[in-house]
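Q: Just passing along the structure, written as C-alpha cells.
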Amino acid sequence: MGGMRVLLVDDEPELVTTMAERLELRGFEVDAVTSGAEAMERARERAYDIAVVDVKMPGMGGEEVMAHLRQNDPRMPVILLTGHAATEEAQDVLEAEACAYLYKPIDIEELIRTMKRCMPVDD
Amino acid sequence: MPEPNLNEQNLAFFGRITASLSHELKNVLATINEYSGLLDDLALASEKGRPLKAERLRSVCGKIAHQIQRGEGLIQRLNRFSHSVDEPLKTVELPALLGDICDLCDRFARLRQVTLEREIPTSPLVCTLDPFALQFVIQLLIDVALRSSPAQDRVTVSLGPGVRIAVTAAGPLDAEARAAHQALLDALVGNMGAELSWDDSQVSLILR
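These protein sequence lines are chains F and U, in that order.
The opening position of the first sequence corresponds to residue 1 in the working numbering, with each subsequent residue numbered one higher.
The opening position of the second sequence corresponds to residue 1001 in the working numbering, with each subsequent residue numbered one higher.
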C-alpha cells in the first residue's frame, strides 16, 4: 500500500491535515484539500489511486465531487465520510454508489483497511 | 394556503438547529480524535528511535485545546438555545440574542458559501418577548436572504433604531424562497405583535 496516492477532501482544515499526516506516517502519498473545487483542480494535475471525501461540504458536496472525479476516471475508488447516520444523509450516501462510507470519528486503521478493500484488483 | 401548524414548525426549527450543532460537534470530536491518534503515532515512532520534539507535542496539545474551546462554544450555544423555550415571554438582551441566532445560522451560510455579517450594536437593549419565536423568525429571514445571495457574497443582519432587525441579501429577495416561508412568518410575527417590511433586497422585522 506504500506509495498509494490518496486525495483527501474535507472542509475541516485541521481534521484533513492531521489525517493526511497520519496516513503519510504510514507510507501513503496524500494531498489534503478543503473543498470540492480544490479537489477537482488537484485531480486535473495528477492521478490518484483513491479519494476519501466528506459528504457535507460548502459548495460542492461529496457526491458531486465523486461524480466529477469519475468523469476523469470511471474506475476511481471513492470513500465517503459522513458525520451522522441520519436517515436522509445516509440514504444519499448509499445512493451515491461510493465504494464505501465511513462515519466520523474515523479509525485510521479502519480507513486503511477500507482503502485496501476498495482498490481495484489488477486484471 | 393552509394555516401552518406552529407546533410542528417549532419542533422542526428546533431539530434543524440541534442537528446542525451536533454536526459541528461531531467535526470537533473527529478532529480531536485525529490529534489523539497523531500523538499516539508520534509516541510509537519515538519508541522506534525517531526523535520526538517537545515543540511538536506542544503544538498538537495547543490545537487540541483550541478544539475543546470550539466545542465548549458550541455546547454553550446549544444550551442557551435550548433554554429559549423555557418561558413564552422573557426579558432578554436583544443584541446578545441576535448574536446567538446569527452564530447558530453561520453553518447554514457556510454551506451556501455565503458570509453572514452582523451589524449589531453592543450597547444594551432589553426587550420582553418570546426568544424562541424571535430566533425562529430571524432564521427564516436569514434563509430567504441566503437563498437570494450568490456564493462568495454576503448576507447582513443589522439592528437599528426603532427596534428594527434588518436582514439584507446580496441581491433581490428570491420570490420562491419568500413564498415558501410567508405563511409561517406571518403567523409567527402576528403572534409576536410585530411587523415585517419587505423591500427589494432587504426584509425588516419591526418589534413593537
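Ideal placement from N, C-alpha and C gives every residue a C-beta, glycine not left out.
This structure is a prediction, so every number in the text was calculated from the model and none was measured.
F:V121 and F:D54 look like a contact to me (Cβ under 8 Å); what is the Cβ gap, rounded to whole Å?
A: About 27 Å; that fails the 8 Å criterion.
Q: Go to U:V1028, then tell me how far its alpha helix (DSSP H) extends in each direction, as first and last residue.
A: Taken as a continuous stretch (DSSP letters only), the alpha helix (DSSP H) holding U:V1028 covers L1006 to E1047.
Q: What are the residues in the region 1149 to 1180 of chain U lying within 8 Å of chain F by C-beta distance?
A: The region 1149 to 1180 of chain U vs chain F, Cβ under 8 Å: A1151.
Q: Shorter than 8 Å from the beta carbon of U:R1110 to some beta carbon of chain F?
A: Yes - at least one Cβ of chain F is within 8 Å of the one on U:R1110.
Q: Using the Cβ count rule (16 or more neighbours within 10 Å means buried), how would you classify U:N1005?
A: Classification of U:N1005: exposed, given that the 10 Å Cβ count is below 16.
Q: Of the residues F:A98, F:L7 and F:L80, which one's Cα is nearest the Cα of F:R44?
A: Closest by alpha carbon: F:L7.
Q: Return the chain-ordered list of same chain residues with a C-beta closer than 7 Å to the C-beta of F:G59, the five sequence neighbours on each side being excluded.
A: S35, G36 and A37, listed in sequence order.
Q: Quick one: using the 10 Å Cβ neighbour count with 16 as the cut-off for buried, is F:R46 buried or exposed?
A: Exposed, because fewer than 16 other Cβ atoms sit within 10 Å of the Cβ of F:R46.
Q: Could you have a look at U:T1168 and say whether DSSP puts it in helix, strand or coil?
A: If DSSP states are grouped into helix, strand and coil, U:T1168 belongs with the strands.
Q: How would you label U:L1290, buried or exposed, when you count the other beta carbons within 10 angstroms and need 16 or more for buried?
A: No statement about residue 1290 of chain U is possible, as the shown extent of chain U runs from 1001 to 1208 and does not include it.
Q: What is the DSSP secondary structure of F:E21, reduced to helix, strand or coil?
A: If DSSP states are grouped into helix, strand and coil, F:E21 belongs with the helices.
Q: Which residues, in chain order, does the region 94 to 114 of chain F contribute to contact with chain U at a C-beta distance below 8 Å?
A: If the cut-off is 8 Å between Cβ atoms, the region 94 to 114 of chain F has K104, P105, I106 and I108 near chain U.
Q: Do the region 1165 to 1173 of chain U and the region 1136 to 1149 of chain U touch if we need at least three Cβ pairs shorter than 8 Å?
A: With a cut-off of 8 Å, the region 1136 to 1149 of chain U and the region 1165 to 1173 of chain U count as touching, because enough Cβ pairs lie within range.
Q: Is any beta-carbon of chain U found at less than 8 Å from that of F:G27?
A: Cβ-Cβ to chain U under 8 Å: no for F:G27.
Q: From the DSSP output, in three-state form, read off U:E1117 for me.
A: Here U:E1117 sits in strand by DSSP.
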